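Position in the sequence shown counted from 1, then plus 3, gives you the numbering used here. Quick reminder that beta carbons are idealized off the backbone N, C-alpha and C, glycines included. All values derive from a computational prediction rather than experimental measurement. In what follows, a single structure is set out as structure tokens and then discussed.
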Amino acid sequence: MTSATAWEPAYARRAEGMRASEIRELLKLLEQPDIISFAGGIPDPAVFPAQEAASAYAEALSGDATAATALQYSVSEGYRPLREWIADYMASRGVPASSENIVITAGSQQALDFLGKLMLTPGDTALVTAPTYLGALQAFAAYEPRYDTIRPEQTNRTPSSYRDAAQKAAPGARVKFAYVVPDFANPTGETLSWRARTTLLDLAGTPDIPVIEDTAYQHCASRAQTFRRFKPSTWRGAALSTNRGSSISAHFRRRSLRDCGSAGSVRRKHLSGASC
4 MTSATAWEPA YARRAEGMRA SEIRELLKLL EQPDIISFAG GIPDPAVFPA
54 QEAASAYAEA LSGDATAATA LQYSVSEGYR PLREWIADYM ASRGVPASSE
104 NIVITAGSQQ ALDFLGKLML TPGDTALVTA PTYLGALQAF AAYEPRYDTI
154 RPEQTNRTPS SYRDAAQKAA PGARVKFAYV VPDFANPTGE TLSWRARTTL
204 LDLAGTPDIP VIEDTAYQHC ASRAQTFRRF KPSTWRGAAL STNRGSSISA
254 HFRRRSLRDC GSAGSVRRKH LSGASC
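Spelled out as structure tokens, the structure:
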């Protein structure tokens, strides 16, 4: 019997830090019929808009022209009518955007991976809350950052303290961005006050770093609750928004499939990253 080739010596150095996905391990619990898991944010299949999704697929594939558009390769930025719809939606939420600011991704994890790839050099600092969304840490980890903690509700640290800590940890390294889930944060459930949001913008504005705003759960709010988005026009930095469709209500998902005319369930990155 021929032994398997040991490929480890050929791996990149970054592979040494890779670990099994904790999220994937959580999802394995779904295969056990005697367990009802609340760990992975798994929705109740009974509320899936299956008929609406089937109708949207059927409509997108019903004609030769629409089927060709739905199934054909397209530009990397994504289907323009969908990007225009997302831009209009972002504007309705108080964030001015055009289709040129929108890139369609295959899930928010791809959006977060893009951001890590674009911004992080090994040793650079990413500012995160503690605890924070595990999937974001997994997406950033491949680019070998160090992490520093932000506490928007109770911070007494100055921008220079973050900068100095980053340079001390790795000469030449910089603070590259702040990542935050401002509404019903995973895993704490915390929603940042407006005062905390402006504090975070002030903290990021001085070194002029972007804030990655992960608004996955904003649509879980009741109609009585409204949340103000981070607006690039209010400060010197840039707000990068990434939303995940998994948490959007069934009604919104139905509306998205119909209004976007897309053949698939897509997520969005409004580099903003946003989901339809």
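Asked: DSSP-derived helix/strand/coil call for residue 107; Found: strand
Asked: Residues bridged to residue 150 (per DSSP); Found: 129
Asked: Closest residue to residue 132 among 18, 190, 27 (Cα-Cα distance); Found: 190
Asked: Closest by C-alpha distance to residue 200, when choosing among 164, 178, 153; Found: 153
Asked: Assigned exposure category for residue 143 - 16 Cβ within 10 Å defines buried; Found: buried
Asked: Proximity below 9 Å, CB of residue 221 to CB of residue 186; Found: yes
Asked: C-alpha distance - residue 83 paired with residue 217, whole-angstrom precision; Found: 23 Å
Asked: Member of 10, 126, 159, 54 whose CA lies at the smallest distance from the CA of residue 178; Found: 126
Asked: Cα-Cα separation between residue 164 and residue 9, rounded to whole angstroms; Found: 45 Å
Asked: Collapsed DSSP secondary structure at residue 80 in the structure displayed; Found: coil
Asked: Proximity of residue 135 and residue 60 at Cβ, strictly below 9 Å; Found: no
Asked: Other residues of its chain near residue 69: CB distance less than 6 Å, five sequence neighbours each side excluded; Found: 63
Asked: The alpha helix (DSSP H) enclosing residue 195, as first and last residue numbers; Found: No alpha helix (DSSP H) holds residue 195; DSSP gives it neither H nor E.
Asked: Residue 197 burial status per 10 Å Cβ neighbour count (16 or more: buried); Found: exposed
Asked: Burial state of residue 138 (16 or more Cβ within 10 Å); Found: buried
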